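Engineer: A single structure is presented below for examination.
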Amino acid sequence: MSLLVLGANSLIAQAAASHFAEAGHEIIFGGRKQDEPEKYANDFSIRYKVKCSAEYIDALDYPTHKKFIEDVLAKTPELDYVLIVFGYLGTQEKAQVDFTEAHRIIDTNFTGVVSVCELLAAEFETRKKGNIAVISSVAGDRGRQSNYMYGSAKGGLSVYLSGLRNRLFKSGVNVLTIKPGFVNTPMTYGMPLPKLLVASPEKVGKDIYKAMKKRKSVIYTPFFWWWIMNIITSIPEFIFKKLKL
Amino acid sequence: MKFEEIELSGFGKFPKAMCKVTRPPGIFNLMEILKQSSVIPRGLGRSYGDASLNDTGIVTESILMNRFISFDEETGIVRCEAGVTYKDLLDTFVIRGWFPAVTPGTKYVTMGGAIASDVHGKNHHNVGSFSTFVISFKILIASGEILECSRTENSNLFWATVGGMGLTGFILEAEIQLKKITSPYLTNRSLKLRNMDELFDKLEEFDKDYHYSVAWMDIVASGKKYGRNVLLLGNHEENDTLPDKLKLRSAKKYIEKKISVPFEVPFATLNKLSITLFNSAFYLAAKNKVEHVHYDKYFYPLDFILNWNHIYSKSGLIQYQLNVPEDKGKEAIDKILKKVVSFGGGSFLAVLKKMGNQDGILSFPFKGYTLSMDFPVKKGVIQMCRELDEIVLDYGGRNYLTKDSILDEKTFKQMYSGLWEKWMEIKIKYDPKNKFTSNMARRIGLCPF
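Chains as they are written, first to last, in this note's numbering: chain A, 1 to 245; chain B, 1 to 449.
See the structure below:
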């Protein structure tokens with residue numbers, strides 16, 4: 001049994017991976033060279049006494065993705081689980097005036113993930129098994145003026161994953177869409193968030209592990225975000241457009 | 001680089017200061033931080049006072065730099081990044097038969113913090129403090145250089161950093177010797193003692209037989225009951241001698257249960273009545289007995305209640321920990337205790353233990369006795385502490401910087417006379433522009449200019 005993590009330096013990914021490692025799974029950490037995925041692999045092999053390794057991947061360097069997946073599969077032919085946590089929050093204001101920022105937000109959160117997912121989907125479809133879990137966001141459920149660049153990329157991702165899930169269902173491959181709310185990570189560090197709504201990466205990681213093992217389709221984590229987003233998405237547009245969200 | 005501007009404090013919640021805090025994931029970001037005017041490294045903020053506050057520059061948290069680098073199953077030597085905590089060590093290595101050779105009373109302490117405070121445990125009289133088991137560490141100094149320090153390499157920086165309150169640089173990695181154990185349990189022997197004479201006799205008597213020893217003193221009782229205490233003695237238990245039920249349990253990974261004090265209570269829960277009741281209850285509930293105790297309960301009873309410092313309400317608490325020389329130690333402790341009792345106690349119990357010598361230049365421990373108390377911050381408390389300072393000084397003692405929030409420069413320099421000058425020479429050599437500084441350093445004059 002093995003797990004491939006894409007985005008090794010994510011606290012959420014590490015928390016989720018720790019449960020897999022404790023259950024004895026081999027872990028492969030994929031990440032950019034500067035994020036030093038090998039350090040996480042080394043740490044996990046000491047903490048959990050499981051086989052761990054690292055491979056370099058840049059979400060935005062699409063032509064290299066095929067080789068990356070081939071390398072991983074050569075190393076662990078029996079790859080069972082993939083957790084993709086690539087993401088870039090960016091700055092909404094900057095993205096409005098500087099298209100490079102908007103482009104980077106869309107490409108990291110959407111295009112890069114699609115590129116990797118398609119390669120994995122092809123492999124898992126032939127094998128007729130496998131699990132792909134991807135972190136989307138509650139921000140993708142409805143566009144808001146404060147972060148619609150990030151939100152729309154994640155929204156697109158959620159729709160993509162829904163389609164992929166539909167396609168792979170008949171092959172016995174599960175696709176999980178993960179929609180976290182606010183999480184206390186370097187991505188949100190320094191942001192003025194309502195403390196009661198901010199979850200720990202450990203809590204979110206545990207939810208992800210459970211959902212992956214139970215082969216769920218879509219989860220909100222922590223669960224109360226399902227209620228919050230239900231309310232937010234049910235506000236009529238003629239009211240919603242006037243809100244300062 | 002992302003910053004958070006928040007009102008920050010140590011674990012005592014006193015004093016507080018607006019600080020610009022950052023939480024970098026790696027060395028690359030630390031190099032950036034060195035360009036700022038000044039910085040103090042911070043781990044999990046378990047020092048009580050203002051040692052990890054810096055309101056004129058940056059506070060840099062090490063908690064994301066928390067990876068293990070290597071572990072040798074044969075020798076028990078672990079190398080890890082500075083943000084690795086005691087909890088990480090325990091969760092990873094107890095099941096494999098290795099234990100931190102020195103541990104403070106909470107596992108929410110990073111290795112960087114443990115070195116900077118040169119923390120001690122209940123076995124100080126036998127093995128010394130944490131630095132005894134620090135083989136080497138890697139440190140990033142103000143110039144941007146990264147130096148490996150040990151007893152033989154850059155040894156002056158090694159001894160200035162151990163107990164150096166984070167003022168010499170960023171500790172990046174450390175190599176630590178763990179202690180071999182065969183079970184996670186300890187044999188705990190409790191002795192209910194009527195007064196200090198009995199305590200000091202028993203401390204001598206059991207010195208060699210028990211690896212760990214600490215006494216909890218009733219700090220309210222006066223008259224005939226004055227000085228009553230419970231002496232707790234402990235040794236690591238061998239797996240062979242454990243009852244079968246515990247043998248089975250110790251083979252499994254330990255899962256902890258916790259409760260939390262979710263917010264600061266809005267009023268002072270610690271008043272004379274509750275403190276008296278607590279002190280009496282502790283003594284009365286204690287029994288003379290020998291029992292098997294799991295390490296988590298034995299070493300970290302307060303960790304069971306997360307954020308227990310919240311019971312001190314918003315105004316916070318002052319931890320007062322002093323060490324007095326062995327010679328006339330009993331007399332000094334007696335004077336101090338009498339002063340505190342006459343003030344009406346004010347503390348949840350006091351903890352007394354025997355200490356040994358230590359090599360770190362600013363390391364707190366030396367051969368003698370240490371007494372630790374906590375007082376809610378309220379009228380008169382600071383004045384009482386100043387009076388305690390006088391007694392400590394009279395007996396040639398000193399206070400623990402990691403707990404301290406009120407010493408002034410003059411008193412500190414008297415307490416650490418001959419030591420702070422030696423430390424300063426090394427500080428000036430490695431950090432001449434005083435890049436690494438804190439509110440505490442400025443308060444007590446641990447600055448080159």
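Beta carbons: idealized from backbone N, C-alpha and C, even for Gly.
Quick caveat: nothing in here was measured; it's all calculated off a predicted structure.
Could you pull out every unbroken alpha helix (DSSP H) segment of at least 4 residues lying fully inside the stretch 179–228 of chain B, listed in chain order?
Structural biologist: 196–206
Engineer: Taking the Cβ atom as the reference point for each residue, do B:E7 and B:K20 lie within a distance shorter than 8 Å?
Structural biologist: By one-based count along the second sequence, residue 7 of chain B stands at place 7. By one-based count along the second sequence, residue 20 of chain B stands at place 20. The answer is no: Cβ separation not under 8 Å.
Engineer: Name the DSSP beta bridge partners of B:E173, please?
Structural biologist: Walking along the second sequence from the start, residue 173 of chain B turns up at place 173. According to DSSP, B:E173 bridges with B:E81, B:K138.
Engineer: Could you tell me if B:M111 is buried or exposed, where buried requires 16 or more neighbouring beta carbons within 10 angstroms of its beta carbon?
Structural biologist: What you label residue 111 of chain B is simply residue 111 of the second sequence in a count that begins at 1. Buried.
Engineer: Taking only the alpha-carbon atoms, compute the straight-line gap between B:F299 and B:F99 and give it to the nearest angstrom.
Structural biologist: Numbered from 1 along the second sequence, position 299 holds the residue referred to as residue 299 of chain B. Numbered from 1 along the second sequence, position 99 holds the residue referred to as residue 99 of chain B. Straight-line spacing of the CA atoms in B:F299 and B:F99 works out to 12 Å.
Engineer: Can the beta-carbon of A:V218 be found closer than 8 Å to that of A:K179?
Structural biologist: Looking up residue 218 of chain A in the first sequence gives position 218. Looking up residue 179 of chain A in the first sequence gives position 179. Contact: yes.
Engineer: For the candidate residues B:M31, B:G329, B:G26, B:V162, whose alpha-carbon lies nearest to that of B:K354?
Structural biologist: Position 354 of the second sequence holds residue 354 of chain B. Per the Cα distances, B:G329.
Engineer: May I ask which residues mark the beginning and end of the beta strand (DSSP E) holding B:F68?
Structural biologist: Stepping through the second sequence from its first residue, residue 68 of chain B is reached at position 68. For B:F68, the uninterrupted beta strand (DSSP E) run begins and ends at 68–72, by DSSP.
Engineer: Are B:F68 and A:I46 close, meaning C-beta to C-beta below 8 Å?
Structural biologist: Taking the first residue of the second sequence as position 1, residue 68 of chain B is located at position 68. Taking the first residue of the first sequence as position 1, residue 46 of chain A is located at position 46. For B:F68 and A:I46, yes; Cβs fall inside 8 Å.
Engineer: Is any beta-carbon of chain A found at less than 8 Å from that of B:F170?
Structural biologist: Against the second sequence, residue 170 of chain B aligns to sequence position 170. B:F170 does not count as touching chain A.
Engineer: Return yes when the Cβ of B:F304 is within less than 8 Å of the Cβ of B:L349, no when it is not.
Structural biologist: Taking the first residue of the second sequence as 1, we reach residue 349 of chain B at position 349. Taking the first residue of the second sequence as 1, we reach residue 304 of chain B at position 304. Taking 8 Å as the Cβ cut-off, B:L349 and B:F304 do not qualify as a contacting pair.
Engineer: Does the beta-carbon distance from A:V5 to A:A15 come in below 8 Å?
Structural biologist: For this step, residue 5 of chain A is matched to residue 5 along the first sequence. For this step, residue 15 of chain A is matched to residue 15 along the first sequence. Not a contact, by the Cβ cut-off of 8 Å.
Engineer: Could you name the residues of the same chain whose beta carbon sits closer than 7 Å to that of A:L119, not counting the 5 residues immediately before and after it, in chain order?
Structural biologist: Position 119 of the first sequence, counted from the first residue, corresponds to residue 119 of chain A. Counting only Cβ-Cβ distances below 7 Å, and skipping sequence neighbours, we find H65, K66, I69.
Engineer: With three or more C-beta pairs closer than 8 Å as the rule, is the stretch 424–433 of chain B touching the stretch 136–145 of chain B?
Structural biologist: Yes: the two stretches touch, three or more of their Cβ pairs being nearer than 8 Å.
Engineer: Identify which residue in B:I333, B:E175, B:K107 has its Cα closest to the Cα of B:I219.
Structural biologist: Taking the first residue of the second sequence as 1, we reach residue 219 of chain B at position 219. Selected option, being the one with the closest Cα: B:I333.
Engineer: On the CB-based measure, 16 or more other CB atoms within 10 Å of its CB, does B:Q383 come out buried or exposed?
Structural biologist: Within the second sequence, the letter at position 383 stands for residue 383 of chain B. Label assigned to B:Q383: exposed.
Engineer: Does the CB of A:Y40 have a neighbour CB from chain B at under 8 Å?
Structural biologist: Residue numbering aside, residue 40 of chain A sits at position 40 when the first sequence is read from its first letter. Chain B contact via Cβ: present.
Engineer: With distances taken Cα to Cα, identify the nearest neighbour of B:G43 among B:K435, B:A17, B:A114, B:N29.
Structural biologist: Translated into the one-based positions of the second sequence, residue 43 of chain B becomes position 43. Of the candidates B:K435, B:A17, B:A114, B:N29, the one whose C-alpha sits nearest the C-alpha of B:G43 is B:A114.
Engineer: Mind checking the stretch 75–104 of chain B against chain A and listing, in chain order, the residues whose C-beta falls within less than 7 Å of any C-beta there?
Structural biologist: T92
Engineer: Can you tell me which of A:G7, A:D43, A:T108, A:M149 puts its alpha carbon nearest to the alpha carbon of A:V82?
Structural biologist: Residue numbering aside, residue 82 of chain A sits at position 82 when the first sequence is read from its first letter. Ranking A:G7, A:D43, A:T108, A:M149 by Cα distance to A:V82 puts A:G7 first.
Engineer: Out of A:P186, A:I84, A:Q92, A:V97, which one is the CA nearest neighbour of A:S136?
Structural biologist: The residue you call residue 136 of chain A lines up with position 136 of the first sequence. Nearest C-alpha to A:S136: A:I84.
Engineer: Kindly list, in the order they appear in chain A, the residues whose Cβ is closer than 8 Å to that of B:K2.
Structural biologist: Here residue 2 of chain B corresponds to residue number 2 of the second sequence, with the count starting at 1. P186, Y189, G190, listed in chain order.
Engineer: Give the secondary structure of B:N439 by DSSP, where H, G and I count as helix, E and B as strand, and everything else as coil.
Structural biologist: Counted from its first residue, the second sequence places residue 439 of chain B at position 439. B:N439: helix per DSSP, three-state reduction.
Engineer: Does the Cβ-Cβ distance between A:L11 and A:P201 come in under 8 Å?
Structural biologist: Sequence index remark: in the first sequence, residue 11 of chain A carries index 11 (1-based). Sequence index remark: in the first sequence, residue 201 of chain A carries index 201 (1-based). Cβ atoms of A:L11 and A:P201: closer than 8 Å.
Engineer: When DSSP labels each residue in this structure, what does B:D359 get in the three-state scheme?
Structural biologist: For the purposes of this step, residue 359 of chain B is identified with residue 359 of the second sequence, where counting begins at 1. For B:D359, the secondary structure class from DSSP, reduced to helix, strand or coil, is coil.
Engineer: Touch check for the stretch 236–243 of chain B and the stretch 174–191 of chain B: three-plus C-beta pairs under 8 Å?
Structural biologist: Yes, the stretch 236–243 of chain B is in contact with the stretch 174–191 of chain B.
Engineer: Nearest chain B C-beta to A:N147 closer than 8 Å, yes or no?
Structural biologist: Counted from its first residue, the first sequence places residue 147 of chain A at position 147. Judged by the 8 Å Cβ criterion, A:N147 is not in contact with chain B.
Engineer: Ends of the alpha helix (DSSP H) at A:C117?
Structural biologist: The count along the first sequence starts at 1 and reaches residue 117 of chain A at position 117. That run of the alpha helix (DSSP H) goes 112–127.
Engineer: Skipping 5 residues on each side, what residues in its chain have a beta carbon closer than 6 Å to that of B:V84?
Structural biologist: Counted from its first residue, the second sequence places residue 84 of chain B at position 84. Answer for B:V84: N66, M111, listed in chain order.
Engineer: Measure the CB-CB distance between B:R386 and B:F364 and report whether it falls below 8 Å.
Structural biologist: As a working mapping, residue 386 of chain B is identified with position 386 in the second sequence. As a working mapping, residue 364 of chain B is identified with position 364 in the second sequence. No, the pair does not count as a contact, with Cβ atoms beyond the cut-off.
Engineer: Just curious, the beta strand (DSSP E) that B:C19 is in, first and last residue?
Structural biologist: As a first step, residue 19 of chain B is located in the second sequence; it is residue number 19 there, counting from the start. Segment 16–22, the beta strand (DSSP E) holding B:C19.
Engineer: Run through DSSP, which three-state label would A:N147 get?
Structural biologist: For the purposes of this step, residue 147 of chain A is identified with residue 147 of the first sequence, where counting begins at 1. Three-state DSSP puts A:N147 in coil, outside helix and strand.
Engineer: Taking CB distances under 8 Å as the criterion, tell me whether A:I46 reaches chain B.
Structural biologist: Translated into positions along the first sequence, residue 46 of chain A becomes position 46. Yes - at least one Cβ of chain B is within 8 Å of the one on A:I46.
Engineer: Give me, in chain order, the residues of the same chain whose beta-carbon lies closer than 8 Å to that of B:Y210; leave out the 5 immediate sequence neighbours on both sides.
Structural biologist: For the purposes of this step, residue 210 of chain B is taken as the residue at position 210 of the second sequence. So the list reads R189, L233, G234, N235, once near-sequence residues are dropped.
Engineer: For a quick check, are the C-beta atoms of B:M217 and B:L352 less than 8 Å apart?
Structural biologist: Along the second sequence, one-based indexing puts residue 217 of chain B at 217. Along the second sequence, one-based indexing puts residue 352 of chain B at 352. Yes, the Cβ-Cβ distance between B:M217 and B:L352 is below 8 Å.
Engineer: Spell out whether any CB of chain A is found under 8 Å from the CB atom of B:I484.
Structural biologist: The displayed coordinates of chain B run from 1 to 449. Any statement about residue 484 of chain B would go beyond what the structure contains.
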